[in-house]
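Residues in the sequence shown are numbered consecutively from 1, following the numbering used here.
The beta carbon of each residue, even a glycine, is placed where N, CA and C say it ideally should be.
Note that the structure is a prediction, hence the values are computed from the model and not measured.
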Amino acid sequence: MIQIGDKVIGFEMFARKFVCDIARCKGICCYEGDSGAPLEDDEVKLLDEIYPQIEPYLTEQERAEVAKQGKWVVDDDGDKVTPIIGGCECVYTMCEPDGTWKCAIEQAYNDGKINFRKPISCHLYPIRVTHYRTFDAINFHEWDACCKPALELGEKLGVPVYKFLKEPIIRAWGEEFYNEMEIAAAEIEKAQKRKK
Numbered sequence: 001m002i003q004i005g006d007k008v009i010g011f012e013m014f015a016r017k018f019v020c021d022i023a024r025c026k027g028i029c030c031y032e033g034d035s036g037a038p039l040e041d042d043e044v045k046l047l048d049e050i051y052p053q054i055e056p057y058l059t060e061q062e063r064a065e066v067a068k069q070g071k072w073v074v075d076d077d078g079d080k081v082t083p084i085i086g087g088c089e090c091v092y093t094m095c096e097p098d099g100t101w102k103c104a105i106e107q108a109y110n111d112g113k114i115n116f117r118k119p120i121s122c123h124l125y126p127i128r129v130t131h132y133r134t135f136d137a138i139n140f141h142e143w144d145a146c147c148k149p150a151l152e153l154g155e156k157l158g159v160p161v162y163k164f165l166k167e168p169i170i171r172a173w174g175e176e177f178y179n180e181m182e183i184a185a186a187e188i189e190k191a192q193k194r195k196k
């Protein structure tokens, strides 16, 4: 583990390679799962405010689920998350004609309707953040059935997880934090070369 400020980062963030391959995975991470996307407290409030701009992107079934469940819910672990349909599909998904799933929130953002791109947990994926009392744990979440194409493409291109996720990491924790990750990665690489 590497510690930067109050963040503890798993080595897999530097060691594993990852590049999303939407053409192969079809964005299935937006559809599959036993719980919705984790939401920060400020995102919960924001979803309540911007929902009218997101609603036109949703199907009739998704709108009905939001009306029934709410714009966000608390899951079995006590976490605030996006609602899901049928035990898997996030209510904020859209399906393209070719079967690719994408985020309706992000589409509204791309269309200039809102200023919020999407929940930070989605933007950071496959990073998962666990909040503890005195620190946050930042780890790589391996979901082989979903992200095998991304792991394969990442290996082929030689892109570590943290580099692929530069933009959301900076969005979440700032540029200085990302620069510290770059320094840590260089130190890890030096240490590995010394062992050889």
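- When only Cα atoms are considered, Gly-5 and Phe-135 end up about 9 Å apart.
- Between Cys-20 and Cys-146, the C-beta spacing is not below 8 Å.
- Just so you know, the alpha carbons of Val-66 and Lys-190 end up roughly 51 Å apart.
- Under DSSP, Asn-139 shares a beta bridge with Arg-128.
- Checking the DSSP bridge columns, you'll see Cys-95 partnered with Trp-101.
- Non-local C-beta neighbours of Tyr-178 in its own chain, meaning closer than 7 Å and more than five positions away in sequence, comprise Lys-166, Ile-169 and Ile-170, ordered along the chain.
- At the C-beta level, Cys-30 and Trp-101 come within 8 Å of one another.
- Counting of Cβ neighbours within 10 angstroms places Gly-78 among the exposed residues, the total staying below 16.
- Put simply, the stretch 116-124 touches the stretch 31-44. At least three CB pairs are less than 8 Å apart.
- Taking C-alpha positions only, Thr-82 is separated from Lys-193 by approximately 44 Å.
- C-alpha of Glu-89 to C-alpha of Gly-27: approximately 12 Å in a straight line.
- Its chain contains Phe-14 as the residues whose beta carbon lies nearer than 7 Å to that of Ile-188, once the 5 sequence neighbours on both sides are disregarded; these appear in chain order.
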